[in-house]
Every structure is written in structure tokens, then in C-alpha cells.
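The block underneath contains the structure these notes are about, expressed in C-alpha cells.
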């Protein structure tokens with residue numbers, strides 16, 4: 001049975017990845033690591049997945065080396081990251097440490113063990129930075145122009161991956177993942193944050209109301225996390241080392257439209273009120289990606305429509321509140 | 323009296339920077355920090371320079387914050403770095419930590435104190451990576467294509483600086499410094515390494531002989547460290563924040579020519595013998611820079627010819643051996 005190690009195991013992307021394997025009867029031995037305990041029970045996916053969890057801080061290089069040596073992974077899905085742009089503006093150094101540095105600790109450990117392991121490095125559409133409308137949809141060859149500490153950390157990780165692939169023949173596949181949303185996502189992120197505020201309004205009995213937002217005129221390429229994890233599995237098992245792949249829907253949506261859609265599903269009228277504290281320095285105006293490369297190479301395409309994603313997110317949050 | 327803090331104070335560039343200030347009677351209060359003690363005596367530059375040294379690990383963020391708070395620098399010359407490409411291939415993660423991370427610890431500390439401090443971030447010609455002959459001499463607008471972990475760390479630092487300048491109005495000036503050489507340089511570096519090996523041959527009484535080398539067909543743009551520190555002073559005091567400046571001679575020299583020149587000064591015939599362990603993965607073939615930007619903006623130009631630099635380096639090493 002092949003072995004997959006997942007970092008950032010307690011996050012929402014990992015949870016969907018595990019469910020993807022289980023639902024598709026893809027049988028693996030899994031080791032999940034994270035600094036915090038996962039919400040899911042590793043035993044519930046028996047017998048398809050033989051899964052265990054281990055608490056691990058990826059900044060603890062000795063402990064990490066030990067885990068890699070013991071588990072001997074064939075694949076690593078590296079999801080651990082501090083992925084908040086807002087946080088990165090507050091703590092640029094910590095952001096760097098918890099993105100680029102933990103990634104390098106991982107690759108150092110793999111090289112130290114001489115493991116022939118395939119590793120997926122998750123990057124972000126934020127790496128493109130501010131782009132002109134002419135260059136949309138963004139293809140992977142677009143020059144990178146990161147405009148936040150988080151984006152720089154991601155670009156650094158990507159550049160470092162390429163150097164490790166070229167210099168040592170490591171098998172690292174790379175993504176630039178666009179905004180993915182879905183059930184169980186932390187409400188620090190923009191869309192679950194909207195949903196919670198709109199549900200709060202609705203549960204207070206209001207039929208119309210106001211929620212605080214950042215700049216809702218920005219355009220993002222949203223896709224469902226369940227489409228994302230399907231892409232991650234394909235890349236992990238069949239992607240080309242050293243290559244970068246956009247993971248995106250190919251469609252741009254204005255944030256204000258997302259708010260309207262949520263309000264429509266919930267059955268309430270909502271207007272957004274801009275709170276300047278949610279406005280971020282140097283934010284990107286418009287991001288839309290092209291998924292042509294991964295579609296051509298691996299036949300992957302985003303399939304779940306935004307409406308369905310939002311419905312599932314709303315349903316999940318409502319269930320949690322019962 | 324304005325205050326300059328110098329990181330990497332015990333290194334050879336810092337030593338030349340201090341001598342530059344002293345020789346030109348540029349009076350400052352200086353605080354040097356480093357993880358190891360300096361060879362020079364801080365008191366010897368009185369009364370022009372009021373100088374002190376403090377042992378400091380820039381990875382110790384609390385200690386760093388404390389130093390910044392106490393000293394309140396007007397300028398920081400940030401020289402501390404692990405600047406060996408060879409080392410970076412062995413320890414990519416440590417290289418990253420001791421380049422990009424310590425830089426961010428420094429900028430975090432400046433922001434925490436709200437200091438209006440000008441900071442010089444030293445980058446490297448390695449950031450350009452493998453370039454075609456058509457793109458020589460390299461100008462600052464050339465797309466960066468780093469091919470070693472060290473180069474990636476430098477690019478990351480540069481990108482992060484731009485983000486901090488744009489996002490917070492920090493006053494960070496940036497260099498891409500080409501290979502600088504000069505007296506007191508550590509013999510881990512290529513040219514002092516050649517000199518030591520050739521002097522060893524000569525002192526053994528030989529009139530001809532062989533030294534071990536890496537690939538001596540590569541071309542580099544060498545300049546004297548005393549020209550470099552003059553540029554650093556100009557940039558620190560008058561450079562434009564957020565701007566990157568090549569610091570280079572504008573001339574390319576084949577490594578084998580450097581060996582011949584040294585041998586000629588020493589008065590011995592030397593042939594190089596390639597030792598594969600000195601060959602580095604993905605090494606750049608040819609690097610020559612254009613210094614047009616800093617020349618136009620600040621009137622700086624490399625002045626010391628290679629022969630003079632090599633003579634001074636040889637003389638210094640001979641003196642140390644007496």
C-alpha cells in the first residue's frame with residue numbers, strides 16, 4: 001500500500017482530500033501531521049484508508065526528520081501554511097517562516113533520507129500580483145509580481161522548488177491555486193466570513209440588513225475545494241516535477257456578486273458596508289486564471305458551480321449551529 | 323551625530339565600510355552587530371567614529387528588538403548573510419533562514435519601533451541566474467531566474483523589500499552586488515582561495531605547479547570591495563527607496579585569467595586542475611553587469627583595476643603570514 005503524508009492535516013483542504021480518496025476508493029496508508037489536532041477521526045475511513053495522525057511542528061527539524069524517516073512516504077501533500085494575506089501584512093517574518101521555511105525543512109528532510117518521494121508544493125494566485133486586464137486569464141508564463149508578504153513567500157517557495165528539481169532531481173510538482181472555498185473553511189477567509197455574517201442577520205429575524213466588508217469590487221476566480229483536491233491528487237500522482245499548474249475555474253466573480261448569491265440562497269436582502277480596516281495595502285484588483293495547462297496535460301477541469309458550493313457551505317454552517 | 327547600525331559587522335565588507343567612513347572623515351555613531359567578535363578594534367577609529375560592538379544573533383528576535391529600541395539607528399547597513407552558493411546547496415533551509423529570515427526580523431523590528439530608518443538590503447548578481455549572452459551586460463530590468471538556493475533567498479529578500487516599501491513606506495534601498503573581492507576576504511571564496519593556494523605553491527619553493535579549481539571557464543564581473551562600500555554609503559544616504567541598483571564593474575573576466583594574473587604577480591607559473599567536487603550544480607556561465615543606473619543617479623563608478631585589487635589581496639595575505 002503506497003503511503004501519503006499530509007501536512008496541514010487539520011485544515012479544511014486536507015479534510016476534503018481524505019474524503020476524495022475515500023469516496024473514490026483510492027486505498028493508501030496516510031500519515032497526517034499538524035500542530036493542532038484534526039476534527040475528523042482517522043479511524044472512520046477504514047478499511048480504504050489506513051490513517052494515523054501525529055502532532056508535529058514543521059519548524060522542529062529534528063522531529064520532522066524523525067517522522068519522515070519512520071513513515072517513509074511515497075507522496076507528500078504539503079498543505080501546511082499560514083495562508084492569510086492580512087496576517088502576512090502584520091507579521092511578514094512569521095509568514096515567511098511558516099511558508100517558505102517549513103517547506104525547506106521538509107525538502108531538507110527528504111534529501112537527508114534520500115527518499116524518492118513525490119511532493120506537491122501548493123502556491124497561490126496571489127503570486128501574480130497586480131496584473132493588467134490584458135493579461136487575463138492568467139497563464140503560468142505570466143511574470144510574477146507579488147504585492148504582499150504572503151505572495152512573496154509563495155513565490156520564494158516556488159522558485160526554491162524549481163532549484164531543487166533542477167539541482168537534485170527532486171520530484172516536486174507546483175500549483176498556483178486560486179481562491180478555493182467550500183464546507184469547513186475557517187471564517188477568517190472572505191466567503192465563509194460573509195456567510196456567517198449573513199446567517200447571523202437572518203437568524204436575528206431580519207429580512208434585510210447590512211454586513212461589514214472589505215473592498216467588494218475586487219474580482220476573484222473562485223473554485224470549489226472538492227475540485228481542488230481532485231487536481232492535487234492528479235498532480236501528486238501524475239504531474240510533471242518542476243512544472244507549475246494553475247488550479248482555477250477560469251471565471252471571474254465580483255465579491256459583491258458572491259454576497260448577493262449568498263443572500264439569495266439564505267433568502268434575505270443584504271448590502272455591504274465597507275469597513276476600512278478590512279482593506280489591505282496593495283490588494284490585487286482582478287484575478288482570473290487559465291486552467292488550460294492542467295486541462296491539456298491531465299484532463300482536469302473545475303466542475304462544481306459557485307451556487308452549489310455556496311449552498312453546501314451554508315448548509316454545513318447551519319448544521320454546525322443546530 | 324547620525325547613527326549607523328551595521329549587521330555582519332565582523333565580515334570583510336563591514337571592515338572596508340568602516341575604513342571608508344574613517345578615511346573620508348565621515349563622522350557617525352556606529353553600532354556593529356554580529357554573531358562573532360570583530361577583528362578590528364572599535365576604539366581605533368576615534369574621534370571620527372564613535373563605535374561600539376554588540377554580539378547579536380539576528381534570529382533572536384527579542385534581542386534584536388531590544389538593540390534597535392536602544393540604539394535607534396538612522397541607517398542600517400545590513401551585511402549579515404550566509405553568502406556562499408556552495409553552502410546553500412548543502413543547506414537550503416539554513417541558507418534561507420540566514421538570509422531572507424534575518425532580513426525580515428530586522429524589518430519587523432524597525433516597524434515595531436516605528437523608526438524612520440534607511441536600510442540597505444544587499445542582493446547579489448546571482449539573482450539573475452543563467453542568462454543568454456544577448457542580455458549582457460545585465461540591467462536591473464532583466465527578468466530574474468535564480469538557479470541556486472542562495473540566489474532564491476536573495477530574490478525573496480528583494481521582493482519582500484519592495485512589498486514593504488510599497489505597503490508601509492519603508493525606506494529600503496536594494497543592491498544586486500556582483501562578485502566583490504579584496505583584502506581580508508574569507509578564503510572560502512574563490513579568489514582568495516586561489517591566492518592562498520598559489521602562495522602556498524610559491525612558498526614551497528616551486529617555480530611552476532598546479533592548483534585545484536572548479537570550472538575556470540566561467541566569466542564573472544569582479545570589483546574591488548572598496549568600490550563597493552563607496553556605493554553602499556551613497557545608496558544608504560542618497561539612494562531611492564524601493565529601487566534596485568547593480569553594483570558592478572561592467573567588465574567580465576574569465577576565472578582562468580584571474581589565476582594567471584595572481585600567478586604573474588606572485589612570479590610563478592600555475593595551471594589549474596579541475597576537481598569535480600568544486601563544480602556546483604546549475605552554475606551560471608557568464609555574468610557581466612551594467613552599472614549605468616547607479617552611475618546616472620548617483621555618479622558612482624567602479625574605479626580600482628583588478629590588478630591593483632589582486633596585488634593588495636596578495637600583500638595582505640603575505641603580511642598575515644609573516
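Protein chains in written order, with this note's numbering: chain A, 1 to 322; chain B, 323 to 644. From the three backbone atoms N, C-alpha and C, an ideal C-beta is built for every residue, glycine too. Please read all numbers here as calculations on a predicted model, not as lab measurements.
Can you name the residues of chain A whose CB is closer than 8 Å to the CB of residue i?
i: residue 411 of chain B; result: 167
With a threshold of 8 Å between beta carbons, is residue i in contact with chain B?
i: residue 83 of chain A; result: no
i: residue 163 of chain A; result: yes
i: residue 148 of chain A; result: yes
i: residue 38 of chain A; result: no
i: residue 200 of chain A; result: no
If you run the structure through DSSP and keep just helix, strand and coil, what is residue i?
i: residue 79 of chain A; result: coil
i: residue 177 of chain A; result: strand
i: residue 464 of chain B; result: coil
i: residue 556 of chain B; result: helix
i: residue 591 of chain B; result: strand
i: residue 121 of chain A; result: strand
i: residue 184 of chain A; result: coil
i: residue 568 of chain B; result: strand
i: residue 492 of chain B; result: coil
i: residue 545 of chain B; result: strand
i: residue 596 of chain B; result: strand
i: residue 533 of chain B; result: strand
i: residue 309 of chain A; result: helix
i: residue 323 of chain B; result: coil
i: residue 317 of chain A; result: helix
i: residue 562 of chain B; result: coil
i: residue 216 of chain A; result: coil
i: residue 328 of chain B; result: strand
i: residue 131 of chain A; result: coil
i: residue 469 of chain B; result: coil
i: residue 205 of chain A; result: coil
i: residue 114 of chain A; result: coil
i: residue 289 of chain A; result: strand
Anything in chain B within Cβ reach of residue i, meaning under 9 Å, just list it in chain order.
i: residue 179 of chain A; result: The contacting residues do not exist; residue 179 of chain A stays about 20 Å from chain B at best.
i: residue 99 of chain A; result: The contacting residues do not exist; residue 99 of chain A stays about 10 Å from chain B at best.
Kindly indicate if chain A contains any beta-carbon less than 8 Å away from that of residue i.
i: residue 415 of chain B; result: yes
Residues of chain A with a CB under 7 Å from the CB of residue i: which are they?
i: residue 430 of chain B; result: 92 and 93
i: residue 426 of chain B; result: 92, 93 and 96
Please list the partners that residue i has in chain B, where partner means a Cβ-to-Cβ separation under 7 Å.
i: residue 160 of chain A; result: 414, 471 and 474
Interface residues of chain B around residue i at Cβ under 8 Å?
i: residue 143 of chain A; result: 465
Name the chain A residues whose beta carbon is nearer than 9 Å to that of residue i?
i: residue 477 of chain B; result: 155, 156 and 159
So residue i and residue j are supposed to be a Cβ contact under 8 Å. How far apart are they, rounded?
i: residue 227 of chain A; j: residue 303 of chain A; result: 6 Å
i: residue 223 of chain A; j: residue 298 of chain A; result: So it is not a contact: roughly 16 Å between Cβ atoms.
i: residue 20 of chain A; j: residue 230 of chain A; result: 6 Å
i: residue 402 of chain B; j: residue 329 of chain B; result: 4 Å
i: residue 195 of chain A; j: residue 317 of chain A; result: 6 Å
i: residue 218 of chain A; j: residue 309 of chain A; result: That pair is no contact at about 19 Å.
i: residue 5 of chain A; j: residue 47 of chain A; result: Not confirmed; about 20 Å, so no contact.
i: residue 192 of chain A; j: residue 482 of chain B; result: Not a contact, Cβ separation roughly 29 Å.
i: residue 14 of chain A; j: residue 139 of chain A; result: With a Cβ gap of about 28 Å, residue 14 of chain A and residue 139 of chain A do not count as contacting.
Any heavy atom of the ligand ZN within a distance shorter than 7 Å of the CB on residue i?
i: residue 519 of chain B; result: The ligand content of the structure shown is nil, which means the ligand ZN is not present either.
**OP:** Give, in chain order, every unbroken run of the beta strand (DSSP E) that is at least 3 residues long and sits entirely within the region 15-66 of chain A.
**Re:** 28-34 and 49-55
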